[in-house]
Every structure is written in structure tokens, then in C-alpha cells.
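Reading through the C-alpha cells given below for one structure.
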Amino acid sequence: MVLLRLGVVVDRGIVWIIGLLLVTLSACQTNVERAYPSRPLTVIVPWKAGGGTDTTTRALAAVLQDELGQPVNVVNRTGGGGIVGHYALSQAQPDGYTLGAITVEITMMHWTGLTPLDYTDYSPIALVTVNPSAITVRSDAPWDNVHDLIAALRENPGTLTASGTSLGGIWDLCRIGFLEAVGLDQSAMPWVPSQGAAPALQELLAGGVDVVTSALAEADALRRAGRVRTLALMANERLSVAPDVPTLKELGIDYASEGGWMVLAAPANLPNARLELLRVAVWNASRQPEFSVPLERAGFRLQHLTGDALQSFLREEDDRNGILLNEAGLAL
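Numbering-wise (my numbering), the sequence shown opens with residue 102 and increments by one.
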């Protein structure tokens, strides 16, 4: 039967066939999504093996593969201060088979002109951990608390030095933020660049520097051994692994920083169905004791954000770090 509507000839048989084809295509697409993942996944880590990001990512991958039913292989792509690994992830196919750990540096590197990459070049899946900075000194340091340290900085600005990472790295920005919060210029406690927290802590023990700002997890072994003391944590609340370490806010200093963090992400434009599947899988995996307990014992703070809340987190981190880099004279 042929109908005439608005001058267009419509064959009901053709309409029925088109409708059947649309239903079939929809079902095929659904089956394809149900089949994901059908092969192993790769997770890129832009930092060396054994570091905090690598430790977190490998712990997550071990439980995530049970959730996804496929092996999840971790690959370290290092170099360029994190640029190599972040770039490799951004250039991968957005099919859900290549994921990666993006870290706080992705909200910093573009401000200094090292790379045009920023957090908008990815499909963020979930925030996994945050590692707020701690203020650590030698066990025989003359300051019993952070207020004693501040008094020493006011009395002899520029005499005491700090370290923890490269110039303009996240722990350097935490130093700048802390000094600003107590009304001091960054020159009051000059920065000594290092290749990371581990060598900075060795310099601290050797007397080469006076203060280290870094994640508590990085200094915790020395703290437990009684070789260093942590005066305060730049966080909104204490860490369960170190309940005796107060936060700056508890001490009347209005400053907190997320410090270092790790977000599991995919390349930009990952299909929504796969993004949602991965969000659920990461949430389930992050609740497993075999993932959470060892990391919390090591001083990592687990924090889960996704969706719009995660986008807001990344945007705020990007803005905050851009301001601090500009104040440090390191932004373009």
C-alpha cells in the first residue's frame, strides 16, 4: 500500500524494513558494548616504576582486571618530566583499550610552555588517590612544631632551605602556597631542586637542606624509624596512618593542597557507554581491601571522584597551579 503525505510517496513496506534495520543496528551496537572489553587493556604510567603513581596504578590494575574480566597490563612510559607518558595516552585510540594515569603535572606543564597538553585532552574516568604534602624536618631539628619553624623563617628569612622535587614541581608549589598563607615571600625559604622526594630526604638527613615538602607516604618510613619528624600536613584532615600529625588548618593556618594525585583516564572522546562501564569498574575495584588496605597503610589517601565533580576538581587544580606558577615566575 502506498500513501501520499505532503507530496511524498511513502511505501509502508519500505517503512517497516527501515524500522527493522534500525532495531537490528541498535541491537548490534548493544552487543558490541556488551562485548567490551574483549581483549587485554594497557595502562600507561608516565613515571618510573616504584614511584607513588606506579604503585597506585599497579595496585588498581590488579583488582580492575577481575572487574573487567581481562588482563590489565601496566606500561611505564617515562621521560620529559611526565610529558612522554601523558602524550602517549593522549594520542592513543579512544576505544577503551588504552588507559593511563594522569597526574597533577598535567595541570602544570602547559602553563610553563613544556607542552600544549592539558586535562581537556583526556576522558577522565576517576580520581583514585590524593597525596597532600607534609612538612618534614630532621629528628634533631630545633623546631618542635610548625609555628616554631615559621618564627625561624621570619627571624632569618632566606637562611633555611627546602627541597622535594624539581623547581616548579608540585612540592615546590606547596612550599610557595604555605609561605604565602603565613604572610612570607617564597624567598624566605629558598628551594633546592632535586630529582624527587627520595634524594631530597637524603639531603635532609645529610644536612644539605632544612625542610622537605613531599607526600607523607614518601617520608613515612623515615618518620617511623625516628630519623625525621613531620610537623604538619597540608590537608583538610589528618591521615589515618599518621594520626599524630596535625593539619595546618588545625594549627590556625588557612592552607590546604591536594598535592600529588592520580586520575585514571582514557584518550579524549571515549564513547560514553565504555566510559560509564569503566567508572563502575573502578569504583568496585577501589572498594576491594586488597587494593585499599596496603595503600592506606603506606600513607596514600584514597579519594573517589568522577563525572562533573571530577571535571570541577581538574579545572580548580589547573587554575590554582597556574596562579602559583605565575607567582613563582615560572609561567609563560
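Using N, Cα and C, we set each Cβ at its ideal position, and we do this for glycine too.
Being a predicted model, the structure only gives us computed values, none of them experimental.
How far does the alpha helix (DSSP H) with residue i in it reach, from first residue to last?
i    : result
Q194 : No alpha helix (DSSP H) contains Q194, which DSSP labels as neither H nor E.
G153 : 153–169
R380 : 373–387
P390 : 390–398
V283 : No alpha helix (DSSP H) contains V283, which DSSP labels as neither H nor E.
L254 : 247–256
If I measure Cβ to Cβ from residue i and keep anything under 8 Å in the same chain, skipping five residues before and after, which residues do I get?
i    : result
K149 : D155, N177, T179
I424 : none
T125 : Bear in mind that a pLDDT of 47 at T125, under 50, signals an unreliable position, so the number given afterwards is only what the model happens to contain. There are no such residues.
A382 : L165, E168, L169
E380 : Just to set this straight, residue 380 is Arg in the shown sequence, not Glu. Cβ within range, chain order: I226, A227, T407, G408.
A369 : S191, P195, T221, D222, Y223, S224
T157 : A202, V229, T230, M363, L396, F401
G278 : M335, Y356, S358, L425
V205 : I271, E359, G360, G361, W362, E418, N422
I251 : V283, L285
With respect to 7 Å, is the separation between the Cβ of residue i and the closest non-hydrogen atom of the ligand HEM below this value?
i    : result
G423 : The ligand HEM is absent from the structure shown, which contains no ligands of any kind.
Please go through the same chain and pick out, in chain order, the residues whose beta-carbon is closer than 6 Å to the beta-carbon of residue i, but skip the five residues on each side of it.
i    : result
V293 : T262, S264, V310
G181 : none
I145 : V176, R178, G186, A189, L190, G201
Q457 : The first residue shown for the chain is 102 and the last is 433, placing residue 457 beyond what the model contains.
A301 : S264, G265, S295, V313
A298 : G265, S315, E319
Name the two residues that bound the continuous beta strand (DSSP E) containing residue i.
i    : result
Q404 : 402–406
L200 : 199–204
L228 : 223–232
A366 : 361–368
L142 : 142–146
So residue i and residue j are supposed to be a Cβ contact under 8 Å. How far apart are they, rounded?
i    : j    : result
A367 : L218 : Wrong, their Cβ atoms sit about 15 Å apart, outside the cutoff.
V229 : S387 : 7 Å
Y198 : L142 : 5 Å
S240 : V329 : 6 Å
By Cβ distance below 7 Å, which residues in the same chain neighbour residue i in space, the five residues on each side in sequence not counted?
i    : result
I184 : M210, L215, T216
I354 : A282, V283
N246 : L332
P291 : G259, T262
K350 : N337, A357
A289 : L254, P258, G259, L280
A432 : W212, T213, G423, L426
Is the segment 329–340 touching the segment 225–240 in the sense that three or more CB pairs, one from each, lie closer than 8 Å?
yes
Inter-stretch contact (C-beta, 8 Å, three-pair minimum) for the segment 252–262 and the segment 400–416
Short answer: they don't touch.
Sequence ranges, beta strand (DSSP E) only - wholly within the segment 294–353, length at least 3:
312–316, 329–334
Is there contact between the segment 380–392 and the segment 206–217, where contact requires at least three CB pairs shorter than 8 Å?
No: fewer than three Cβ pairs fall under 8 Å.
Does the count of Cβ pairs from the segment 311–330 and the segment 339–348 closer than 8 Å reach three?
Short answer: they touch.
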